[in-house]
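Note sheet for the following structure.
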Amino acid sequence: MANKGWDEFEIGAMLRSFDGKAADVIAETHQEDRNYSASNSFTASVADWRILKPVFNKDFCIDCQFCWVYCPDMSIISRDKKMVGVDMDHCKGCGICVEVCPTNPKSLLMFDEHVDEETEIAQWPAKDEEKK
Amino acid sequence: MAFDKMELRDVEVWDGNMAASQAMRQAQIDVVAAYPITPSTPVVENYAGFLANNYVEGEFVMVESEHAAMSGCIGAAAAGGRVATATSSQGFALMVETLYQASGMRLPIVLNVVNRALAAPLNVNGDHSDMYLGRDSGWIQFDAYCPQDVYDLNLIAFKVSEDHDVRLPAMVHQDGFMTSHTAQGVSTLDDDTAYGFVGEYKPMNDMLDFDHPVTHGVQTEEDWHFEHKARQHNDLMTKVFPKIQSAFDEFEKLTGRKYNMVESYDMDDADVAVVCMGTSVETAREVATEMRSKGVKAGVVGLRVVRPFPFMEVAEALKGAKAIAALDRSSPNGAPGMLFNELAGAMYNLETRPMISGYVYGLGGRDLTKVHLTDLYNELQANVDAGKILTPLQQFIGVRGPKLSFL
Ligand code: SF4
Ligand code: SF4
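Protein sequences appear in the order of chains A and B. Residue numbering for the first sequence is 1 to 132, as defined by our numbering. Residue numbering for the second sequence is 1001 to 1407, as defined by our numbering.
If you want it as structure tokens, here you go:
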């Protein structure tokens, strides 16, 4: 890609996401193992966009997969329908996953980018009393 | 669900809008996304009627603006459908942002532009302001002079636009009201023949190919933007002309109707020539014939393809002329007029460099009459006799009030 001449690339302001067929690959291969094409943005990190980062606390998680469904950047890592954590290379820190997390207290919370995760998890908030 | 064929007479009485709708029907479009605007509304209205009465199998998407209409067309084309729509004037202006998306994404879409003035002042009548507005948008632009041309050029536009080497969207222009609302006899093709000419649509890299997913309309910045634009421009300037020519040739074989990228009329030995577009070409031809009977060697050059600008053919057609009038039907707003500039650009390096003067005419639906053209030919002949241009660089035909001319 990088060294192609002006008349060598495929026309149409379009990029192929994968080399070869994709249907099986997407269904059966984990994100990190897929045969991405050179033009796929998988290798481009957006971690430096974040000011706040989502921190995952598995103690409260019910594996509802809401965060996985709603993350606009496919940055929630889920294995066998279990929430595993956040792909910190591609998470841009928008906070949507935290917004949709239904547990009480939330299993995902936004913290300053520079905080040490273990410290925050140790101080995780208590359950909110239900408002009457 | 199968759709019904329409039985057409060999010659139907159609206005330009109906001619466009019928060609769209015969091409069996998958998606039309449209917003109504005078004078192009009937193009999609007729098409909706065909759809409602089972003469086409497709989708009609009613949207909230022309911007959304072209956006819908772009989405449908990227998804692999044959797509067309229509617009005019302000609606065209609203589409402009998306026109560049369509051409940059190399999506074959056919847009019928029924030419109309741009406000202000508000005006629903014809001129070429919208055609000129689209000229750098990367679309192929065909120009029809009458309903017959509209019908034929629509079929040709699909064929050229969808060619896999080209894959660029195409506009078919016709003059608002003068062509769009004036019914004439139009020779037709039967449905099978017309569809056979256009051919089955074979999409390339459609986004609904789940095995080979693609991202459309990607961001490139300085890394790749220039290459995309250079490629697009190069394809327009080198690949489109031969494809248009072969489509014209094939169409002539099929119908006997011959189209040329540049339509020369009585140009072989012409001293004076008028260069124009749209309905004025036919008027100019009539006046040229009259001038010939008075001993003036008059000719007409009509542009059939506005973009890519057929500069070689234009120069070739005009190289023998001594004085040329470029007729621009758009307010040039700060320049000598597009056609004047481009003619000058095409002819400056010719050994026999003819005199070129610019005329602005017909804005907002103002008539261009035979009297105007007779005067114009006489002015050109006077230039020839004097061996120099006696008139201002730019003049306005038929404008009231003090004479407005430039230089
Ligand atoms: S913060 Fe936004 S981008 Fe990051 S994981 Fe959550 S939803 Fe995805
Ligand atoms: S939304 Fe919250 S509870 Fe549901 S899977 Fe994600 S982290 Fe766990």
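Every residue, glycine too, gets a C-beta built ideally from N, C-alpha and C. Here the structure is a predicted model, which is why all the values come from computation and not from measurement.
Practice prompt. Could you list the residues in the stretch 1155-1173 of chain B with a C-beta less than 7 Å from some C-beta on chain A, going in chain order?
Written response: If the cut-off is 7 Å between Cβ atoms, the stretch 1155-1173 of chain B has 1167 near chain A.
Fill in: Residues near residue 1308 of chain B in its chain [Cβ-Cβ closer than 8 Å; skip 5 each side]
Excluding residues within five positions, the ones whose Cβ falls inside 8 Å are 1140, 1236, 1237, 1240 and 1241.
Discussion item. Assess contact between the stretch 1297-1306 of chain B and the stretch 1126-1143 of chain B, defined as three or more Cβ pairs (one per stretch) separated by less than 8 Å. Is contact present?
Written reply: Flag = yes, the stretch 1297-1306 of chain B and the stretch 1126-1143 of chain B touch.
Item to complete: Give the straight-line distance between the Cα atoms of residue 1025 of chain B and residue 1350 of chain B, rounded to the nearest whole angstrom.
Response: Between residue 1025 of chain B and residue 1350 of chain B, the C-alpha separation is close to 45 Å.
Item to complete: Name the residue from B/1285, B/1209, B/1221 and B/1345 whose alpha carbon lies nearest to the alpha carbon of residue 1356 of chain B.
Response: Out of B/1285, B/1209, B/1221 and B/1345, B/1345 has the C-alpha closest to the C-alpha of residue 1356 of chain B.
Worksheet item: In whole angstroms, what separates the C-alpha of residue 1198 of chain B from that of residue 62 of chain A?
Response: Between the alpha carbons of residue 1198 of chain B and residue 62 of chain A lies a distance of about 57 Å.
Item to complete: For residue 1185 of chain B, write down the residues that DSSP places opposite it in a beta bridge.
Response: As DSSP reads the structure, residue 1185 of chain B sits in a beta bridge with B/1013.
Worksheet item: Taking C-alpha atoms, which residue in A/26, A/83 and A/11 lies nearest to residue 70 of chain A?
Response: Nearest of A/26, A/83 and A/11 to residue 70 of chain A, Cα basis: A/83.
Practice prompt. Check whether the Cβ of residue 11 of chain A lies closer than 8 Å to any Cβ atom in chain B.
Written response: Yes - at least one Cβ of chain B is within 8 Å of the one on residue 11 of chain A.
Fill in: C-beta atoms of residue 1090 of chain B and residue 1119 of chain B nearer than 8 Å
A contact, by the Cβ cut-off of 8 Å.
Worksheet item: Straight-line CA distance for residue 1299 of chain B to residue 1231 of chain B?
Response: A direct Cα-to-Cα measurement between residue 1299 of chain B and residue 1231 of chain B gives close to 37 Å.
Worksheet item: Of all the CB atoms in chain B, is at least one closer than 8 Å to the CB of residue 14 of chain A?
Response: Chain B contact via Cβ: present.
Fill in: Whole-Å CB distance - residue 97 of chain A paired with residue 67 of chain A, under 8 Å assumed
Cβ-Cβ separation between residue 97 of chain A and residue 67 of chain A: approximately 4 Å, consistent with a contact (criterion under 8 Å).
Fill in: Neighbour-count burial assignment, residue 51 of chain A, 16 or more Cβ in a 10 Å radius
Per the 10 Å Cβ criterion, exposed.
Practice prompt. Check the Cβ of residue 1402 of chain B against every Cβ in chain A and list those closer than 7 Å, keeping chain order.
Written response: Within chain A, no residue comes near residue 1402 of chain B; the closest Cβ sits about 50 Å away, beyond 7 Å.
Discussion item. Can you determine whether any heavy atom of ligand 1 sits closer than 7 Å to the C-beta of residue 77 of chain A, and answer yes or no?
Written reply: False, no ligand heavy atom lies under 7 Å from that Cβ.
Discussion item. Going by DSSP in three states, residue 1239 of chain B sits in which element: helix, strand or coil?
Written reply: Residue 1239 of chain B: coil per DSSP, three-state reduction.
Worksheet item: How would you label residue 1028 of chain B, buried or exposed, when you count the other beta carbons within 10 angstroms and need 16 or more for buried?
Response: Burial of residue 1028 of chain B is indicated by the presence of at least 16 other C-beta atoms within 10 angstroms of its C-beta.
Item to complete: Compare the beta carbon distance of residue 1099 of chain B and residue 1134 of chain B with 8 Å and say whether it is the shorter of the two.
Response: Their beta carbons are under 8 Å apart, which means residue 1099 of chain B touches residue 1134 of chain B by this criterion.
Worksheet item: Listing by chain order, which chain B residues have their CB less than 8 Å from the CB of residue 21 of chain A?
Response: Within chain B, the residues 1211 and 1212 have their CB atoms less than 8 Å from the CB of residue 21 of chain A, given in chain order.
Practice prompt. Take the Cβ of residue 1258 of chain B as the centre, count every other Cβ of all protein chains shown within 10 Å, and call the residue buried at 16 or more, exposed below.
Written response: Exposed, by the Cβ-count rule.
Practice prompt. Check residue 53 of chain A in the structure and name its three-state DSSP category.
Written response: In the structure shown, residue 53 of chain A sits in a strand (DSSP, three-state: E or B).
Worksheet item: Looking at the unbroken beta strand (DSSP E) that takes in residue 71 of chain A, where does it start and where does it end?
Response: In this chain, residue 71 of chain A is not harboured by any beta strand (DSSP E), its DSSP state being neither H nor E.
Item to complete: Would you check if the stretch 1307-1325 of chain B and the stretch 1379-1389 of chain B touch, i.e. whether three or more CB-CB distances between them fall below 8 Å?
Response: Yes: the two stretches touch, three or more of their Cβ pairs being nearer than 8 Å.
Worksheet item: Apart from the five residues just before and just after residue 126 of chain A, which ones in its own chain have a Cβ nearer than 8 Å to its Cβ?
Response: Excluding sequence neighbours, residue 126 of chain A sits near 105.
Practice prompt. State the start and end residues of the unbroken beta strand (DSSP E) segment that holds residue 1345 of chain B.
Written response: Residue 1345 of chain B -> not in any beta strand (DSSP E); alpha helix (DSSP H) instead, spanning 1338-1347.
Worksheet item: Tell me, which residues are paired with residue 1260 of chain B by DSSP?
Response: None, per the DSSP bridge assignment.
Item to complete: Examine chain B for any beta-carbon lying closer than 8 Å to the beta-carbon of residue 7 of chain A, and answer yes or no.
Response: Interface residue, yes.
Discussion item. So for residue 110 of chain A, helix, strand or coil by DSSP?
Written reply: In the structure shown, residue 110 of chain A sits in a strand (DSSP, three-state: E or B).
Item to complete: Report, in whole angstroms, the separation of the C-beta atoms of residue 1082 of chain B and residue 1201 of chain B, which I expect to be a contact under 8 Å.
Response: Distance from residue 1082 of chain B to residue 1201 of chain B at the Cβ level is roughly 4 Å; contact confirmed, criterion being Cβ atoms closer than 8 Å.
Worksheet item: Start and end of the beta strand (DSSP E) containing residue 1215 of chain B?
Response: For residue 1215 of chain B, the enclosing beta strand (DSSP E) covers residues 1214-1216.
Worksheet item: Between the stretch 1171-1185 of chain B and the stretch 1098-1116 of chain B, are three or more C-beta pairs nearer than 8 Å?
Response: Using a Cβ-Cβ distance cut-off of 8 Å, the stretch 1171-1185 of chain B and the stretch 1098-1116 of chain B are in contact, since at least three pairs of beta carbons, one from each stretch, lie closer than that value.
Worksheet item: Going by the CB atoms, is the gap between residue 1170 of chain B and residue 1130 of chain B shorter than 8 Å?
Response: No, these two residues do not count as a Cβ contact at 8 Å.
Worksheet item: Can you tell me the Cα-Cα spacing of residue 1264 of chain B and residue 1206 of chain B, whole angstroms?
Response: Residue 1264 of chain B and residue 1206 of chain B: Cα-Cα distance of roughly 40 Å.
Fill in: Amino acids of chain A, ordered along the chain, whose beta-carbon sits closer than 8 Å to that of residue 1217 of chain B
Within chain A, the residues near residue 1217 of chain B are 13 and 14.
Practice prompt. Would you tell me roughly how many angstroms separate the C-alpha atoms of residue 1312 of chain B and residue 1260 of chain B, rounded to the nearest one?
Written response: Between residue 1312 of chain B and residue 1260 of chain B, the C-alpha separation is close to 13 Å.
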